[in-house]
Amino acid sequence: MFAGMDMSKVKAPLYMITWRCTRRCVGTCTYCSFNFEVGDFGEVSTEDGFRIVDQIYDFGSPWFGISGGEPLLRKDIFEIVGYARKIGLEVSLITSGFVFNEDLFNGLVRNEVHTAISIDGPKEANDKVRGVGSYDKAFSVMKRLSEAGILDCLVVTLNRYNYKYIEHPIKLGVDYGARMVVFHNLVPVGRAGQNIEELAPSPEEYEWTF
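For the sequence shown, my numbering assigns the number 29 to the initial residue and increments by one for each residue that follows.
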């Protein structure tokens with residue numbers, strides 16, 4: 029279908045622009061594209077966050093995506109989310125569920141944020157790469173988001189420990205009404221780069237998965 033086609037001239041509607049709003053996180057996921065450093069790393073101010081939202085709006089993107097790190101660690105996250113909603117953008121945010129509490133939950137519900145949660149398979153496979161107890165935290169948050177009607181998707185990073193169990197997050201997505209289940213490949217930078225030999229499925233394992 030695409031043989032001989034100049035893909036540089038193929039156009040498609042702009043759907044979403046995602047902003048990595050922080051590098052901060054309380055997790056230690058072994059495939060993270062960041063390293064284990066801590067700190068705010070010169071995060072942009074709230075006012076600059078508003079400017080980023082304005083630029084995304086001016087680009088014509090109907091969706092504003094927010095990722096990290098852990099976006100919910102920003103104290104001004106709902107100021108920025110609220111501003112984006114006020115000017116008409118749909119907002120999608122991905123969280124690990126590690127820092128979830130009632131105030132954060134209510135902020136997501138109040139602003140009708142399409143929220144994604146990271147779950148990398150059944151408990152043993154998930155906790156192997158995301159840390160002991162991470163599955164239970166993510167599962168609890170997923171249920172709350174589902175009950176509130178704002179569960180957007182489950183995000184899965186394929187690795188050697190979970191590639192045999194992709195049906196698990198798919199079933200969770202169906203059972204809890206997620207709009208989609210998204211599978212990511214490993215990006216060999218940061219912690220993932222340091223652990224790539226341990227984590228990366230072989231070509232044959234990828235083929236088996238697909």
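Backbone N, C-alpha and C fix where the C-beta goes; we use that ideal spot for every residue, glycine too.
| Assumed close pair residue 96, residue 53 - CB separation to whole angstroms, cut-off 8 Å | Residue 96 to residue 53, Cβ: 6 Å. Contact.
| residue 172 versus residue 131 - alpha carbon distance | So the two alpha carbons sit approximately 13 Å from each other.
| field | Cβ neighbours of residue 85 in the same chain (closer than 7 Å, five flanking residues each side left out) | value | Excluding sequence neighbours, residue 85 sits near 115 and 117.
| message | Taking only three categories from DSSP, how would you classify residue 162? | response | Here residue 162 sits in helix by DSSP.
| query | Applying the criterion that 16 or more other CB atoms from any shown protein chain within 10 Å of the CB defines a buried residue, is residue 134 buried or exposed? | reply | The residue is exposed, with fewer than 16 neighbouring Cβ atoms inside 10 Å.
| query | Smallest Cα separation from residue 148: which of 76, 224 and 59? | reply | Of the residues 76, 224 and 59, the one whose Cα lies closest to the Cα of residue 148 is 59.
| task | With distances taken Cα to Cα, identify the nearest neighbour of residue 120 among 179, 71, 191 and 170. | result | Checked all of 179, 71, 191 and 170; the closest Cα to residue 120 is 179.
| 6 Å CB neighbourhood of residue 100 in its chain, flanking five on each side removed | Closer than 6 Å at Cβ, skipping near neighbours: 123, 127 and 132.
| request: Check each candidate in 45, 91, 136 and 83 and name the one with the smallest Cα separation from residue 28. | output: With the chain represented from 29 up to 238, any question about residue 28 goes unanswered, as that position is not in the structure.
| said: Can you tell me whether residue 156 is buried or exposed? The criterion is at least 16 other CB atoms within 10 Å of its CB, across all chains shown. | reply: Around the Cβ of residue 156, a 10 Å sphere holds 16 or more other Cβ atoms; the residue is buried.
| request: Could you check what DSSP says for residue 135 in three-state terms: helix, strand or coil? | output: Of the three classes helix, strand and coil, the one that applies to residue 135 here is helix, per DSSP.
| request: For residue 48, name the three-state secondary structure that DSSP assigns. | output: Strand at residue 48.
| With residue 104 and residue 74 assumed to form a contact (beta carbons below 8 Å), what rounded beta-carbon distance in angstroms separates them? | Going by Cβ atoms, the distance from residue 104 to residue 74 rounds to 4 Å, so yes, they are a contact pair.
| Sequence-distant residues of the same chain with beta carbon closer than 8 Å to residue 227, five excluded per side | Answer for residue 227: 58, 59, 157, 187, 188, 189, 214 and 220, listed in chain order.
| query | chain C beta carbons: is any one of them nearer than 9 Å to that of residue 145? | reply | Chain labels in this structure do not include chain C; a single protein chain is all it has.
| In the structure shown, what three-state DSSP assignment does residue 121 receive? | Judged by DSSP in its simplified three-state form, residue 121 adopts strand.
| task | State yes or no: is the C-beta of residue 212 within less than 9 Å of the C-beta of residue 169? | result | Going by beta carbons, residue 212 and residue 169 fall outside the 9 Å limit.
| said: Please report the distance separating the alpha-carbon of residue 45 from that of residue 218. | reply: Straight through space, the alpha carbons of residue 218 and residue 45 are spaced by roughly 22 Å.
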